[in-house]
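First the structure, in the form of structure tokens, and then the observations on it.
2 protein chains.
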Amino acid sequence: MHRHEGHAACHADADDMLARAEAVCRERGLQFTPLRRDVLEAVAESGKAQGAYDIAERLSAPGKRVAPVSVYRALDFLMEQGLVHRIASRNAFIPCAHGHAPGEGVIFLICRSCGGVDEASSVEVEGGLGRTLERAGFTPVHSILEVEGDCGACRERMQAP
Amino acid sequence: MHRHEGHAACHADADDMLARAEAVCRERGLQFTPLRRDVLEAVAESGKAQGAYDIAERLSAPGKRVAPVSVYRALDFLMEQGLVHRIASRNAFIPCAHGHAPGEGVIFLICRSCGGVDEASSVEVEGGLGRTLERAGFTPVHSILEVEGDCGACRERMQAP
DNA sequence: GGCGGCGGTGATACACTGTAACAAACCCGC
DNA sequence: GCGGGTTTGTTACAGTGTATCACCGCCGCC
Ligand SMILES: [Zn+2]
Ligand SMILES: [Zn+2]
Ligand SMILES: [Zn+2]
Ligand SMILES: [Zn+2]
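Sequence order for the protein chains is A and B. Position in the first sequence (first residue = 1) + 1112 = the working numbering. Position in the second sequence (first residue = 1) + 1112 = the working numbering.
What follows is the structure, given as structure tokens:
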């Protein structure tokens, strides 16, 4: 199970993310182009899930426009390499700092107050889900598990304003 | 745990669904209007998840057009009453024949081959998820769990064509 | 050097999904 | 009949994602 440790830590993570991404791409013989780098950085810098159009706007500057379609292509690439996750319930994207094992289930903890998204995993949930699917005669290919609620920090902030 | 028993059973379910929906609305003092009835019927008749625009098109006839916005409103109502589920990973809707207990988690089994969606539930998964969230200091409000894969019928069909 | 394939990007247009705002119709109790 | 809440129609718009084609840069090959 993994937790973000606050915005400072997230920010520090951004550089790590970029270094790791470059290593992953080099290792797999893929190109970590400037656009892909910028998109990943934009996703990693903000502590919350970013929409593709938000990223496009953030990367655009007067005179240099980045079209959403380019962002989508970069995101597709980054998702294939496991560097970014898509949050289906938000139509948004987050960076992934954990090299997940293939087939490992991920639980997204989405805070409705601060918009932050943490990742967790649980062998208990995974095992139970596997048994449930087997009983149902269903062969899984991939699954999404997203929980919306209040993160610890926001809950404390609400109790003692 | 629940399984569809094929298209014939789904079709038979449609009438039951409508009767149950009418009973639920009467009991809660809500209106089960013709539009809401038609939308629920459209969702229930097809064995697969339907998009809002698909439903609008299906309900439209030459001379009588049903706008998507009307379908969305009916779907919102039906979802509030627990008669319809939204499948976030598909932007689509399915009927629900099981009166879920409040707070009960639902697992959607989405067949990538036939497009059918079954519902399952598992106290094991639910308990494991609850403990995982508690460890993470996260207070859940609601969660979605959707699994894409191959249903039993489609897997058999693929093995022996 | 020239050439052709290949992956990445730019640019435009388009399809699909969902919501806001306002007016008209409907229902129901007074 | 009247007033007020709910439902529906209609239009317009915002947000999300994809198709298509052209262009560029790179690298291997002739
Ligand atoms: Zn991850
Ligand atoms: Zn929070
Ligand atoms: Zn259900
Ligand atoms: Zn199937």
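Where is the CB? At the ideal position from N, CA and C, for every residue including glycine.
Checklist line | chain B contacts from the region 1204–1231 of chain A (Cβ-Cβ distance under 9 angstroms) | finding: Correct list: I1219, L1221, C1223, R1224 and D1230.
Checklist line | Cα-Cα separation between R1177 (chain B) and V1183 (chain B), rounded to whole angstroms | finding: 11 angstroms
Check: Is any heavy atom in ligand 3 found nearer than 7 angstroms to the beta carbon of E1231 (chain B)?
Finding: Yes.
Check: Opposite E1260 (chain B) in the DSSP bridges: which residues?
Finding: A:H1254 and B:I1222
Checklist line | Per-residue contacts from G1163 (chain B) into chain A (C-beta, under 8 angstroms) | finding: Near G1163 (chain B) there are no residues of chain A at all, since even the closest Cβ is about 15 angstroms away, more than 8 angstroms.
Checklist line | For ligand 4, residues whose Cβ lies under 7 angstroms from any non-hydrogen atom | finding: B:C1223, B:S1225, B:C1226, B:G1228, B:D1262, B:C1263, B:A1265 and B:C1266
Check: When DSSP labels each residue in this structure, what does V1178 (chain B) get in the three-state scheme?
Finding: coil
Next item on the list: Check the Cβ of P1146 (chain A) against every Cβ in chain B and list those closer than 8 angstroms, keeping chain order.
Entry: Those do not exist, as P1146 (chain A) stays about 31 angstroms from chain B at its closest Cβ, beyond 8 angstroms.
Item checked: Minimum C-alpha distance to L1241 (chain B) - residue among A:S1225, A:F1220 and A:R1247 -> A:F1220
Check: Do C1208 (chain B) and ligand 5 come close, with the Cβ less than 7 angstroms from some heavy atom?
Finding: Judged by which ligands are present, ligand 5 is missing from the structure shown, whose ligands are ligand 1, ligand 2, ligand 3 and ligand 4.
Checklist line | Whole-number beta carbon distance between I1167 (chain B) and V1181 (chain B), since they are thought to touch under 8 angstroms | finding: That belief does not hold up - the Cβ atoms of V1181 (chain B) and I1167 (chain B) are roughly 12 angstroms apart, past 8 angstroms.
Next item on the list: Mind listing the chain B neighbours of S1172 (chain A)? Cutoff is C-beta to C-beta under 8 angstroms, in chain order.
Entry: Per Cβ cutoff of 8 angstroms: no residues; S1172 (chain A) is ~27 angstroms from chain B at best.
Item checked: Proximal chain B residues relative to V1237 (chain A), where beta-carbon distance stays under 8 angstroms -> V1237, G1240, L1241 and T1244
Checklist line | Whole-number beta carbon distance between P1214 (chain B) and V1196 (chain B), since they are thought to touch under 8 angstroms | finding: Rounded, the Cβ-Cβ distance is 16 angstroms, inconsistent with contact.
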